[in-house]
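Each protein sequence line maps, in turn, to chains A and B.
Be aware that the first sequence starts at 324, since it is given in our numbering, and climbs by one per residue.
Be aware that the second sequence starts at 2, since it is given in our numbering, and climbs by one per residue.
Even glycine gets a Cβ: it sits at the ideal position worked out from N, Cα and C.
To start, the structure itself, in structure tokens.
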Amino acid sequence: MDDLAGQAAGPLTAPPASPRGLGRITLEVRQSVPPWKQAVFVGGSLLMGLVISVAILAWAGIAPATLGSELAGVLTSESLRGVLVQAAPLILVGLGASLAFRIGFWNLGIEGQMIFGGIFAAAISIHEIGPPSTRLLLMGVAAAAGGGLWVLLAAFLKSRFRVNEIIATLLLNYVAMYFLFHLLYGAWQDAKTAFPQSTPFRAFERLGDVGHGINGGLPIAIAGVLIAGWLVHLSRIGFYTRFISANPRMARIVGVPVRTMTLWLIAMSGACAGLAGFVNVASQEGRLTQSFFNGYVFSGVLIAFLSRNDPIVVAVVGFLVAVLFITGQTLQVFYQIPFAMVQMIEAIIVIAVASSEFLIRHRVRWIR
Amino acid sequence: MDDFLINWIANIPVTAVPYALAALGLIVSERAGVLNLTAEGLMLVGALAAAGTCLTLGGYPALALLVAMAAASLVSLLFAVLVVVLRVNQVIAGLSVVFLCQGLTGLIGTLAKWQNKPIAGLGNLNIWPLSEIPVIGRIFFLQDPVVYLTILIFVAVNFVLFRTMPGLRLRAVGENPAASDAAGVSVSLHRIAAIVAGSSLIGLAGGYISVVSVKLWVTGMVGGRGWIAVALVVFARWAPWPALWGALLFGCIEAVIPRVAAAGIRVPQYLMLMLPYLATIGVMIWVGAKDRRGGQEPGALGQPHVREERR
Numbered sequence: 324m325d326d327l328a329g330q331a332a333g334p335l336t337a338p339p340a341s342p343r344g345l346g347r348i349t350l351e352v353r354q355s356v357p358p359w360k361q362a363v364f365v366g367g368s369l370l371m372g373l374v375i376s377v378a379i380l381a382w383a384g385i386a387p388a389t390l391g392s393e394l395a396g397v398l399t400s401e402s403l404r405g406v407l408v409q410a411a412p413l414i415l416v417g418l419g420a421s422l423a424f425r426i427g428f429w430n431l432g433i434e435g436q437m438i439f440g441g442i443f444a445a446a447i448s449i450h451e452i453g454p455p456s457t458r459l460l461l462m463g464v465a466a467a468a469g470g471g472l473w474v475l476l477a478a479f480l481k482s483r484f485r486v487n488e489i490i491a492t493l494l495l496n497y498v499a500m501y502f503l504f505h506l507l508y509g510a511w512q513d514a515k516t517a518f519p520q521s522t523p524f525r526a527f528e529r530l531g532d533v534g535h536g537i538n539g540g541l542p543i544a545i546a547g548v549l550i551a552g553w554l555v556h557l558s559r560i561g562f563y564t565r566f567i568s569a570n571p572r573m574a575r576i577v578g579v580p581v582r583t584m585t586l587w588l589i590a591m592s593g594a595c596a597g598l599a600g601f602v603n604v605a606s607q608e609g610r611l612t613q614s615f616f617n618g619y620v621f622s623g624v625l626i627a628f629l630s631r632n633d634p635i636v637v638a639v640v641g642f643l644v645a646v647l648f649i650t651g652q653t654l655q656v657f658y659q660i661p662f663a664m665v666q667m668i669e670a671i672i673v674i675a676v677a678s679s680e681f682l683i684r685h686r687v688r689w690i691r
Numbered sequence: 002m003d004d005f006l007i008n009w010i011a012n013i014p015v016t017a018v019p020y021a022l023a024a025l026g027l028i029v030s031e032r033a034g035v036l037n038l039t040a041e042g043l044m045l046v047g048a049l050a051a052a053g054t055c056l057t058l059g060g061y062p063a064l065a066l067l068v069a070m071a072a073a074s075l076v077s078l079l080f081a082v083l084v085v086v087l088r089v090n091q092v093i094a095g096l097s098v099v100f101l102c103q104g105l106t107g108l109i110g111t112l113a114k115w116q117n118k119p120i121a122g123l124g125n126l127n128i129w130p131l132s133e134i135p136v137i138g139r140i141f142f143l144q145d146p147v148v149y150l151t152i153l154i155f156v157a158v159n160f161v162l163f164r165t166m167p168g169l170r171l172r173a174v175g176e177n178p179a180a181s182d183a184a185g186v187s188v189s190l191h192r193i194a195a196i197v198a199g200s201s202l203i204g205l206a207g208g209y210i211s212v213v214s215v216k217l218w219v220t221g222m223v224g225g226r227g228w229i230a231v232a233l234v235v236f237a238r239w240a241p242w243p244a245l246w247g248a249l250l251f252g253c254i255e256a257v258i259p260r261v262a263a264a265g266i267r268v269p270q271y272l273m274l275m276l277p278y279l280a281t282i283g284v285m286i287w288v289g290a291k292d293r294r295g296g297q298e299p300g301a302l303g304q305p306h307v308r309e310e311r312r
């Protein structure tokens, strides 16, 4: 019986060897992969990505030993504070990217949404809206609204005119950037310094320390993680989201409010990015600058991709990327390595991990 | 005013060439069924490679453009392996390659100190006596060689894609990989070839920016033109000639920006710089509003092909 089945299936699964006698390579799609095997593949490729990154840095003049000591330096208590400051906006953009990816919307406009978050927050400060006691809160809310509205423009273009959101959100980044420049070289320019920056925020308009040297941005990011975690894992919205991303037509047929859910999730994604912009202008910079958003688009994609869109994991990966950012800044200051290096390492890591999925999902066979 | 108009029109080809070549390169690879977002990154690679060659050798712009093509093809091989061999999600792979190129070109260019150095680039071709004709001569017969070459490239690519057997196979692989595979056409090889060949044109587009039009290299100098080229492909419905007309349209818009400032017309500078991006979004809206049935994109665009996988 076994033999017979083998014979019957034989010609289908294994055609005769090629005339060259080398055989051929076939791919089998694995039905299930044990978790430990997945971890080995992902971990191995991650390690390979890091080795390649270290090799490129060594070529650029940073010996691995130097890199190690710089990395160790970043993790000391003094620099760790800087890492935690940097982690807040990164966690927020990671949340923003993962919420949008969960619903199948490629939000690559994170920088544009950060910019509009920053602009809305700065507008509250410049026009002195609201009493000083609630000013900071108002700025945060405005930033979330600014980011949310900016991404909804792309969402509207997609739903109304079927404009591909990858292109729309990326192009809107440039539009937002030039609008920011228009303000910073025009109406909002600091009259005192004549630099393309807004006037510094007042003391009560800044995110200060909340104790133990921890910046006020971090609690915002942690709150974002908890809310998004609840939303995704425990709430009805999370259930609907999984349903919609698995089968949008079926979801619509059984009465899931697909359109409303999608728009809300996209808006929340933009709001997270807007908050990241607010955190950057209100804590690190203390004013609107022309570069507070640089390098966050791909960081958001990386964090969402590595955490598999899980908000809780986003917090961990966001922290690790913050270590990378601070190390990159150190290398920039002391070794003149351009900050673009950070993006390059991020890309290498994504490529390595994405490639490992091939080995997880397929079995490569050489049939002679 | 006449001067303004002639200067503007005479500058359109120079601004249109990068869009045209990049879009054509993307069309070649997308016709084979590979959703290609790498243009922005590969143009950066081409720009750096061409600028680096010119600065190192002190000239030889034509050789520099060839180096740009080769460099972009080489980097695109990584993308080809990712999406064709390893079947990585084509959006993720494309984005990763773009940001890898952004980082790598920034790193290499800065370390080699190529930033802001004047480049002895390619001059204009003076087709005398035609170039002496008033108005028309300046517009049509006093351009750089690549402008004329671009038209030849379009004719050649159009011929190969639609009039030859390899072109037919390439399009078949993009429309229905399973059927092509059954007919004995290697899906993987055709897709890899399409990516590498198309990317050489994208590299040329990038090299053109640094060595012919700007004659200078700075980090991130492509400035979103690659993304506009991606949109241009959708606008052109994956056909070469409409892509050329679209490129001329974007060339018009980009060329007018410096003219307006030079003519002393007072408009907000940074709002003017938004124009190409807003125009792209406008064009995409127009495409979406006009064609309610859905695009005429290649049937298998963005789908990896695994022979053993059941569908």
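So, at 6 Å on beta carbons, what are the nonlocal neighbours of residue 304 of chain B in its own chain, with the 5 sequence-adjacent residues on each side left out? Take residue 304 of chain B, set aside five residues on each side of it, and no residue of its chain has a beta-carbon closer than 6 Å to its own.
Quick check: what's the CA-CA separation for residue 326 of chain A versus residue 562 of chain A? Reliability fails at residue 326 of chain A, whose pLDDT of 43 lies under 50, so the model's placement of it is uncertain and no value is given.
For residue 189 of chain B, which residues in chain A fall below 9 Å Cβ to Cβ? Near residue 189 of chain B there are no residues of chain A at all, since even the closest Cβ is about 10 Å away, more than 9 Å.
Name the DSSP beta bridge partners of residue 351 of chain A, please? A:686
Thinking C-alpha only, which one of B:33, B:13, B:24, B:244 is nearest residue 167 of chain B? B:33
Shortest alpha-carbon distance to residue 594 of chain A belongs to which of A:359, A:433, A:487? Among A:359, A:433, A:487, the Cα nearest to that of residue 594 of chain A is on A:433.
Starting from residue 127 of chain B, follow its DSSP beta bridges and name the residues at the other end. B:143
Residue 359 of chain A: first and last residue of the uninterrupted alpha helix (DSSP H) it sits in: Element bounds for residue 359 of chain A: 358–382.
Stretch pair the region 670–680 of chain A + the region 624–633 of chain A: three plus CB contacts closer than 8 Å: yes
Spatially closest choice to residue 280 of chain B from B:301, B:266, B:250, by CA coordinates: B:250
Could you tell me whether the region 425–443 of chain A touches the region 639–652 of chain A, using the rule of 3 or more Cβ pairs below 8 Å? no
Between the C-alpha atoms of residue 109 of chain B and residue 219 of chain B, what's the straight-line distance to the nearest angstrom? 11 Å
Apart from the five residues just before and just after residue 264 of chain B, which ones in its own chain have a Cβ nearer than 8 Å to its Cβ? 5
On the CB-based measure, 16 or more other CB atoms within 10 Å of its CB, does residue 191 of chain B come out buried or exposed? buried
One question on the structure: do residue 410 of chain A and residue 541 of chain A come within less than 8 Å of each other, judged by their Cβ atoms? yes
For residue 429 of chain A and chain B, any beta-carbon pair shorter than 8 Å? yes
Could you give the DSSP three-state label for residue 430 of chain A: helix, strand or coil? coil
Does any residue of chain A bring its CB to less than 8 Å from the CB of residue 32 of chain B? no
Complete alpha helix (DSSP H) runs within the region 87–126 of chain B (minimum length 4 residues, chain order): 91–112
Exposed or buried, which one is residue 16 of chain B when buried takes at least 16 other CB atoms within 10 Å? buried
With 16 other Cβ atoms within 10 Å as the buried cut-off, status of residue 77 of chain B: buried
Using a beta-carbon distance below 8 Å, is residue 487 of chain A in contact with chain B? True, the Cβ-Cβ gap to chain B drops below 8 Å.
CA-to-CA distance, residue 456 of chain A to residue 1 of chain B, given in whole angstroms: Because chain B is modelled from 2 through 312, residue 1 of chain B falls outside the range shown and cannot be assessed.
List, in chain order, every chain B residue whose beta-carbon is nearer than 8 Å to that of residue 678 of chain A. 83, 87, 89
Boundaries of the alpha helix (DSSP H) in which residue 30 of chain B is found, first to last residue: 3–32
Proximity to residue 657 of chain A [Cα-Cα], best of A:389, A:376, A:465, A:345: A:389
For residue 270 of chain B, the first and last residue of its enclosing alpha helix (DSSP H): 270–274
Counting only C-beta atoms, is residue 104 of chain B closer than 8 Å to chain A at any point? yes
Beta-carbon neighbours of residue 562 of chain A, restricted to chain B and to distances below 9 Å: What residue 562 of chain A touches in chain B: nothing, since even the nearest Cβ is about 25 Å away.
Beta-ladder partner(s) of residue 532 of chain A, from DSSP: A:538
Run the CB neighbour count on residue 531 of chain A, radius 10 Å, all protein chains shown included, and call it buried at 16 or more, exposed below. exposed
Could you work out which residues of chain A lie near residue 1 of chain B, taking near to mean beta carbons separated by less than 8 Å? This structure does not reach residue 1 of chain B, given that chain B is present from 2 up to 312, and the question cannot be answered.
Member of B:22, B:85, B:9 whose CA lies at the smallest distance from the CA of residue 201 of chain B: B:22
Would you mind working out which of A:555, A:679, A:565 sits nearest residue 633 of chain A, comparing C-alpha positions? Looking from the CA of residue 633 of chain A, the closest CA among A:555, A:679, A:565 belongs to A:555.
Pull up the CB-CB distance for residue 585 of chain A and residue 385 of chain A, whole angstroms please, since I reckon it's below 8 Å. Between residue 385 of chain A and residue 585 of chain A the Cβ distance is about 44 Å, and since that is not below 8 Å, they are no contact.
Does any CB atom of chain A fall closer than 8 Å to the CB of residue 269 of chain B? yes
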